[in-house]
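Novice: Questions regarding the structure given below will be posed in turn.
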Amino acid sequence: MSEAQKKEIKVATGDRAILPEGTRLVPIYIMGKRYQVPETLTIQKALEYAGYQFIRSCGCRGGICGACPTVYRIMGDYHLHFCLACQTVVQENMYLTQIPFFPANRASYKLEEVDASAETIMKLYPEVMKCVACNTCTKSCPMDIEVMEYVNAAMRGDIAKVARLSFDCIQCGLCSSRCPAQIQHYHLAQLCRRLHAKYQVPKAEHLQARVADIKAGKYDEMLKNLVNSDEETLRKLYVEREMEPQESEGWEPQDKTFL
Ligand code: SF4
Ligand code: SF4
Ligand code: FES
């Protein structure tokens, strides 16, 4: 790469993509317009490199928030591909478009007024029964979730299975954008995870005990001391703190004052 070319390559915004020596420029198409972008960038950074600025359709940049669903085709390949823009590196001749938000209706309910049963699912999301088992939802999911399988579990009222299978869902909406039965998968799955957590798994006793400690003021004095400490003291406390080891099975801190 010539010095002039190197100077032309701007560093993408966000978490500063440093382009490796010799990075090649490849053509991609954004909403139909051709751009030359470094081949090492993610789609998200390539969009910024090409001059686009994210107002929507970008959040965590780490594959967690589900704000950057993207659809693309590669020139000469009939397949339609689905991905997260922050997690996918550009390819030559990629035709891209983003779906910043896919509309889906969310049922209105109060968790205290519904129970963990198939009837609740049928009442709030009756369209689930229209699934034609095409598996398009699973193929669209950038998180490799067995979406059709959890839809089938929902039809049987197996709420625990829906909760388990959908646990990694980031609510990107790509499954719902393609479903011929108009199912709103991620809202349905969220309902099941909520029902599962409220009615089917044991309550976390250690968490309740910790909340009670907080309410009783067990940490008030310690927090007050921290707030009133100078920077040097805080740094010392931080550097000298007891750290949990990588292999922490059976490990307990020596200082149990606040346990
Ligand atoms: S895309 Fe819709 S109809 Fe097809 S398997 Fe998934 S939920 Fe069922
Ligand atoms: S299940 Fe649907 S909404 Fe959830 S991550 Fe997969 S495609 Fe996105
Ligand atoms: S920006 Fe959050 S998943 Fe991509």
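Mapping the sequence shown onto numbering that gives the first Met the number 0, position 49 (from 1) lands on 48, and the numbers just tick up by one. For each residue, glycine too, the CB sits at the ideal point set by N, CA and C.
Whose C-beta lies closer than 8 angstroms to the C-beta of C57 among residues of the same chain, with five residues either side of it excluded?
Specialist: Counting only Cβ-Cβ distances below 8 angstroms, and skipping sequence neighbours, we find Q43, A66, C67, A84, C85.
Novice: Near L194, what residues of its chain come up, given a Cβ to Cβ distance below 6 angstroms and the 5 sequence neighbours on each side ignored?
Specialist: Here the set comprises A115, I158.
Novice: Can we count G172 as close to ligand 3, meaning its CB is less than 7 angstroms from some heavy atom?
Specialist: Checking the Cβ of G172 against ligand 3 gives no.
Novice: Where D228 and T256 are concerned, what is the direct C-alpha to C-alpha distance, given to the nearest angstrom?
Specialist: One point to set straight first is that residue 228 is Ser, not Asp, in the sequence displayed. The straight-line gap from Cα to Cα measures roughly 19 angstroms.
Novice: Mind checking which residues open and close the alpha helix (DSSP H) that includes M154?
Specialist: Start and end: 146 to 154.
Novice: Could you tell me the alpha carbon to alpha carbon distance between Q253 and R240, rounded to whole angstroms?
Specialist: Straight-line Cα distance between these residues: approximately 11 angstroms.
Novice: I need the DSSP call for V36, collapsed to helix, strand or coil.
Specialist: DSSP places V36 in strand when its eight states are reduced to three.
Novice: Find out if the Cβ-Cβ distance for the pair A153, I120 is shorter than 8 angstroms.
Specialist: Yes, they are a contact pair.
Novice: Just checking S165 against ligand 2 - is the residue's beta carbon closer than 7 angstroms to any of the ligand's heavy atoms?
Specialist: Result yes, Cβ under 7 angstroms from ligand 2.
Novice: Report yes if the CB atom of T69 is closer than 8 angstroms to the CB atom of Q97, and no otherwise.
Specialist: Result yes, Cβ atoms of T69 and Q97 sit closer than 8 angstroms.
Novice: Could you pull out every residue in the same chain whose Cβ sits closer than 6 angstroms to the Cβ of E177, ignoring the five residues on either side in sequence?
Specialist: Per the sequence shown, residue 177 should be read as Arg rather than Glu. Once the five neighbours on either side are set aside, the close Cβ partners of R177 are T135, S139.
Novice: Quick check on P125: does DSSP put it in helix, strand or coil?
Specialist: In this structure, P125 counts as helix in the three-state DSSP scheme.
Novice: So what does DSSP say about Y28, is it helix, strand or coil?
Specialist: If DSSP states are grouped into helix, strand and coil, Y28 belongs with the strands.
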